[in-house]
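Numbering (our numbering), first residue to last: 1167 to 1350.
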């Protein structure tokens, strides 16, 4: 199941479908159409059916509409509960599952931003970066603590003129396994 969910998040169209249903809690193909206007209607239905077969989505209602049946789709699983259970059972896979959910939240924020008429990444101080570093575990912990202290201070800020709500996500990836015989 986890592999299919991750594959869904990495698929350009399926990830948009998943995020839209996650945001709306439930949706019909007709409601999803504007989000995926770049794919054909038959492809949309094929993706929805595949996601149902993969156990990611479920049909929660079937509404008769002019001689046909309109299906209402929702997530089949509770992402948070599933992640917590998996974290206890298999910490590595559970962590991957929760990270996937974390990334879905960030993707949703970026998607909503990209759809805004007034989106201006430079003016809005939007940023993301990757900074590969050589560090010991202790050095990484120290850096994360310092970042945490800065963010904790910022969280004390109250709404005020000129202030807008931002989300700052911090990720430290696990160390890479180096092959024996390769230079470090």
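Heads up, the beta-carbon is just placed ideally off N, CA and C, and yes, glycines get one too.
{"query": "Could you check where the beta strand (DSSP E) with residue 1240 kicks off and where it finishes?", "result": "1234 to 1241"}
{"query": "For residue 1340, which option in 1323, 1324, 1301 and 1318 has the closest C-alpha, if you only look at C-alpha atoms?", "result": "1301"}
{"query": "Tell me the rounded alpha-carbon separation between residue 1232 and residue 1267.", "result": "37 Å"}
{"query": "In the region 1223 to 1303, which residue ranges form an unbroken beta strand (DSSP E) of at least 3 residues, counting only runs that do not cross its ends?", "result": "1223 to 1231 and 1234 to 1241"}
{"query": "Is it the case that the Cβ atoms of residue 1306 and residue 1338 are separated by a distance below 8 Å?", "result": "yes"}
{"query": "Can you round the beta-carbon distance between residue 1188 and residue 1241 to whole angstroms, since I take them to be within the 8 Å contact cut?", "result": "6 Å"}
{"query": "Please give me, in chain order, every unbroken run of the alpha helix (DSSP H) with length at least 4 that falls completely inside the region 1299 to 1336.", "result": "1303 to 1321"}
{"query": "What residues are listed by DSSP as bridge partners for residue 1194?", "result": "1238"}
{"query": "Return yes when the Cβ of residue 1214 is within less than 8 Å of the Cβ of residue 1195, no when it is not.", "result": "yes"}
{"query": "So residue 1209 is in the alpha helix (DSSP H); what residue range does that whole segment cover?", "result": "1207 to 1219"}
{"query": "In whole angstroms, what is the alpha-carbon distance linking residue 1328 and residue 1286?", "result": "16 Å"}
{"query": "State the Cα-Cα distance for the pair residue 1217 and residue 1183, rounded to the nearest angstrom.", "result": "10 Å"}
{"query": "Rounded to a whole number of angstroms, what is the C-alpha to C-alpha distance between residue 1313 and residue 1331?", "result": "18 Å"}
{"query": "Short of 6 Å in beta carbon distance, which residues of its chain neighbour residue 1228, apart from the five on each side in sequence? Order them along the chain.", "result": "1235 and 1237"}
{"query": "Given this structure, state the Cα-to-Cα distance separating residue 1200 from residue 1226, to the nearest angstrom.", "result": "21 Å"}
{"query": "Are the CB atoms of residue 1192 and residue 1239 within a distance shorter than 8 Å?", "result": "yes"}
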